[in-house]
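See structure below.
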Amino acid sequence: MDKFEKAICEHNPLYKEGLQDKYYQGAKWAWQSRQAEVDDLTKKNKEAYSREIKEFEKNLILKAELEEKDKKLKAVELILIELKESMTNFKELDLYDKGVRVATTYTIDDLEKALRGEHES
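Mapping of the sequence shown onto my numbering: residues -4 to 116, in sequence order.
Next up, the structure:
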């Protein structure tokens, strides 16, 4: 008999057997209470993990979209460079040709500003 049981028997010897049932019930209640906490934390952990997976998938999609837009911007940039280079060899034969050159030059400048983000200011 340990010190705790001895103290209980000395204090109230008639309830020793009844107290053992109460110990069991108390221990069972404590275990169930702690198990409920563990279950709740496990559920919250799974929910957080699920949210993290969804965020990760969302970020992957956004990254893929961003890379696709970057590819398109690079293609536009290359086209603008080619157009600009072709304008250096453009010969003005009349006023129409001059108008085409001026309009194309302004368009190239505006598109380059837009690509640099300067169109917003």
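Glycine included, every Cβ here is placed at the ideal spot set by N, Cα and C.
Cβ pair count under 8 Å reaching 3, the region 80 to 98 against the region 52 to 62: Judged by Cβ distances under 8 Å, the region 80 to 98 makes no contact with the region 52 to 62, as fewer than three pairs qualify.
Every unbroken alpha helix (DSSP H) inside the region 46 to 75 [4 residues or more]: Here no run is fully enclosed.
DSSP state of residue 94 mapped onto helix, strand, coil: Under the three-state reduction of DSSP, residue 94 is assigned to helix.
Proximity below 9 Å, CB of residue 113 to CB of residue 75: No, Cβ-Cβ distance for residue 113 and residue 75 is not below 9 Å.
Whole-angstrom C-beta distance between residue 103 and residue 79, which should lie under 8 Å: With 8 Å as the limit, residue 79 and residue 103 qualify as a contact, their Cβ atoms being about 5 Å apart.
As assigned by DSSP and simplified to three states, the class of residue 89: Correct three-state label for residue 89: coil.
Test item: CB-CB of residue 77 and residue 110 under 9 Å: In this structure, residue 77 sits away from residue 110, with a CB-CB distance that is not shorter than 9 Å.
For residue 105 and residue 68, the rounded distance between their alpha carbons: When only Cα atoms are considered, residue 68 and residue 105 end up about 14 Å apart.
Between the CA atoms of residue 48 and residue 62 - distance to the nearest angstrom: Taking the straight line from one Cα to the other gives about 21 Å.
For residue 38 and residue 26, the rounded distance between their alpha carbons: Straight-line Cα distance between these residues: approximately 18 Å.
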